[in-house]
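Numbering (the working numbering), first residue to last: 102 to 724.
The block underneath contains the structure these notes are about, expressed in structure tokens.
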């Protein structure tokens with residue numbers, strides 16, 4: 102928890118420094134000014150042809166000299182000048198037992214600072230250098246102002262340590278969350294003995310050439326299909342690739358009438374009646390108790406524990422609704438309901454009941470799902486809370502996986518404003534009763550490395566990409582690219598990296614599949630902070646090929662695109678249902694511990710599944 106809080110504090114320091122800068126250079130104005138000067142030089146008769154080259158060179162030199170500093174460099178300068186919060190943070194974490202493989206520059210710099218702090222020094226000795234902290238710091242640390250060099254070393258050390266903890270090259274031995282990257286993998290001795298079994302379980306070839314041959318064939322076919330679509334006018338390519346909007350589906354008036362009759366036939370009902378009706382069919386209360394209920398009070402306690410976790414009602418408010426129970430007993434029921442993932446097992450039982458109806462088979466594919474995060478408001482006193490950019494309120498995220506045939510099959514609390522690819526993969530891997538071959542996510546739910554890991558685990562991540570720049574098609578080096586789509590193709594993929602580190606990638610995949618490491622931890626270690634690591638770079642190369650194959654299908658196949666949008670919209674609809682159930686804030690008492698937040702996520706998913714299962718049963722009865 103201390104390391105998590107330190108990471109948040111470092112991000113806050115950077116954000117506060119950036120906010121204090123105000124407006125920086127207007128690059129558009131500088132660009133327009135340069136264009137105006139060039140137009141003046143090129144005007145007929147403005148400059149003799151013999152002098153034009155010299156004048157252009159002088160203009161380029163002048164433009165380079167007046168180039169303003171970047172925003173990031175200004176933030177670094179601000180942190181160096183206002184170093185007090187950075188120093189207090191370093192003093193607090195310098196005592197922790199940091200470990201690293203070899204002579205890590207961040208750990209060495211921290212040891213240097215710890216020694217200087219002990220001696221009370223505030224100037225950096227002339228002989229001290231820190232080349233491994235990044236080239237942007239070298240000039241300041243080696244500068245003549247040794248007090249300023251000392252402050253620069255402090256700031257550089259703090260940010261290098263944050264990056265190293267994120268990529269796992271620096272760790273705390275006794276921590277599970279911030280353990281070393283090597284501990285993510287199944288131990289080497291076990292891997293040598295069990296590798297063949299893991300390859301067979303993952304249905305992966307031992308030699309990477311077999312895997313890459315079929316993938317590269319898909320990439321070539323996809324690129325040619327996109328080029329053909331561009332030639333025929335289905336796609337428009339300038340410096341970016343533009344998709345035509347899908348036409349809206351026309352709804353049959355008879356379907357509208359049928360829906361109205363169905364709603365009238367089912368009618369309105371209160372949530373407690375829905376809970377009782379579904380429990381009579383599923384007996385999820387038996388799962389919660391571990392046996393058959395012995396009295397009405399036991400049933401009430403079970404329902405109270407679910408409602409107190411899954412709605413914004415407090416234990417005292419639930420006690421006023423249920424006079425037979427006291428607030429103390431309901432709090433006890435909440436603690437007991439959150440143990441051993443009872444709520445999650447009850448949620449799964451309700452989902453299976455719902456999917457068992459024949460009508461559910463007409464709603465979509467059984468192997469397609471989507472995942473998305475819903476933010477839930479809380480107080481700013483909760484240290485895991487982050488500011489929701491849409492609502493501008495402190496919030497905690499709950500990441501849910503929804504089937505194409507409706508119903509939530511996995512839910513997990515998550516911190517806002519972080520990449521969600523790890524929890525997206527984790528939800529599919531830990532669901533063993535229902536197979537998922539494709540998972541639709543938004544832009545936050547994917548990375549190139551995550552697409553590679555998901556494919557090796559046996560399913561495809563299907564991201565709906567918001568930014569046109571992310572729709573580029575990456576192909577292997579030397580591959581011939583059709584001229585029609587050359588502007589959106591990048592021939593930079595190095596397949597030799599994948600071949601060289603294939604066993605390491607499968608090793609990591611097997612570690613996630615077997616539960617030795619979670620997908621969340623694996624992708625936290627192999628995120629953007631791991632740039633330069635050979636395993637990360639190999640995964641990125643493989644992920645880019647997979648993204649190209651997916652995007653080619655997405656661009657060309659309108660039915661596939663509709664399918665993904667449909668399942669993503671169903672995830673949004675389920676989030677709307679959950680917001681109708683949970684109408685208030687998450688209390689600080691529930692948001693302090695991950696186990697409490699997991700109970701909130703499971704209980705809310707259970708209540709949402711109960712509502713969907715009841716509606717399914719009613720529609721089946723009418724049918």
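Think of the CB as a built atom: it goes at the ideal place given N, C-alpha and C, for glycine as much as any other residue.
Predicted, not measured: the structure shown is a model, and the values here were computed from it.
Should residue i be listed as close to the ligand FAD, given that the test is whether its C-beta is under 7 Å from any heavy atom?
i           : result
residue 477 : With respect to the ligand FAD, the structure shown offers nothing to examine, as it has no ligands at all.
How many Å lie between residue i and residue j at the Cα?
i           : j           : result
residue 352 : residue 546 : 31 Å
residue 150 : residue 135 : 20 Å
residue 698 : residue 276 : 20 Å
residue 367 : residue 715 : 10 Å
residue 319 : residue 118 : 47 Å
residue 250 : residue 176 : 16 Å
residue 477 : residue 281 : 32 Å
residue 239 : residue 257 : 10 Å
residue 606 : residue 640 : 7 Å
residue 422 : residue 677 : 25 Å
residue 332 : residue 580 : 20 Å
residue 230 : residue 242 : 7 Å
residue 120 : residue 164 : 27 Å
residue 560 : residue 439 : 30 Å
residue 553 : residue 156 : 51 Å
residue 632 : residue 550 : 11 Å
residue 314 : residue 308 : 11 Å
How far does the beta strand (DSSP E) with residue i in it extend, from its first residue to its last?
i           : result
residue 279 : Residue 279 -> no beta strand (DSSP E), and no H or E assigned at all.
residue 541 : 539-542
Go through its chain and collect everything with a Cβ distance to residue i's Cβ below 8 Å, but skip five positions before and after it.
i           : result
residue 449 : 510, 534
residue 661 : 654, 655
residue 387 : 393, 394
residue 142 : 148, 153, 156, 157, 160
Looking only at its own chain, which residues have a Cβ that is under 6 Å from the Cβ of residue i, when we skip the five neighbours before and after it?
i           : result
residue 659 : none
residue 532 : 510, 511
residue 543 : 565
residue 198 : none
residue 219 : none
residue 465 : 505, 506
residue 650 : 319, 320, 323
residue 397 : none
Between the Cα of residue i and those of the options, spot the shortest distance and give me the residue it belongs to.
i           : options            : result
residue 349 : 613, 282, 666      : 666
residue 105 : 267, 118, 250, 234 : 267
residue 609 : 597, 627, 601, 595 : 627
residue 461 : 179, 177, 719      : 719
residue 409 : 385, 552, 301, 436 : 436
residue 621 : 201, 491, 147, 285 : 285
residue 500 : 514, 331, 228, 490 : 514
residue 431 : 684, 447, 403, 445 : 403
residue 582 : 327, 540, 671, 440 : 327
residue 463 : 494, 489, 506      : 506
residue 248 : 591, 224, 235, 232 : 224
residue 414 : 504, 235, 704      : 704
residue 344 : 604, 602, 567, 115 : 567
residue 673 : 573, 108, 470, 234 : 470
residue 406 : 396, 419, 397      : 419
residue 684 : 487, 721, 519, 479 : 479
residue 159 : 210, 139, 133      : 139
residue 342 : 602, 669, 587, 598 : 587
residue 283 : 465, 717, 636      : 636
residue 540 : 213, 555, 649      : 555
residue 578 : 598, 563, 562      : 598
Specify, as a first and last residue, the run of the alpha helix (DSSP H) that residue i falls within.
i           : result
residue 637 : 635-657
residue 354 : 354-367
residue 242 : 236-242
residue 272 : Premise fails: residue 272 lies in the beta strand (DSSP E), 271-273, not in any alpha helix (DSSP H).
residue 106 : 103-122
residue 554 : 549-558
residue 252 : 247-268
residue 377 : 372-383
residue 696 : 695-723
Short of 7 Å in beta carbon distance, which residues of its chain neighbour residue i, apart from the five on each side in sequence? Order them along the chain.
i           : result
residue 215 : 195
residue 205 : 265, 270, 271
residue 451 : 379, 383, 385, 707, 710, 711, 714
residue 657 : 326, 327, 330
Report the start-end ranges of each alpha helix (DSSP H) in the segment 387-449 that is 4 residues or longer and not cut off at the edges. At a cut-off of 4 residues, the continuous stretches assigned as alpha helix (DSSP H) that sit fully inside the segment 387-449 are 397-411, 416-422, 428-438.
Beta strand (DSSP E) runs wholly inside the segment 163-217, at least 3 long, in chain order: Fully enclosed beta strand (DSSP E) runs of 3 or longer: 199-201.
Along the chain, which unbroken stretches of the beta strand (DSSP E) at least 3 residues long are found entirely within the segment 470-516? Fully enclosed beta strand (DSSP E) runs of 3 or longer: 495-504, 509-515.
Enumerate, from N- to C-terminal direction, the unbroken alpha helix (DSSP H) stretches of 4 or more residues contained entirely within the segment 278-347. Taken in chain order, the complete alpha helix (DSSP H) segments of 4 residues or longer contained in the segment 278-347 are 289-303, 309-333.
Only counting runs of 3 or more residues, tell me where the beta strand (DSSP E) segments fall wholly within the segment 563-617, in order along the chain. Runs of the beta strand (DSSP E) inside the segment 563-617: 574-577, 590-594.
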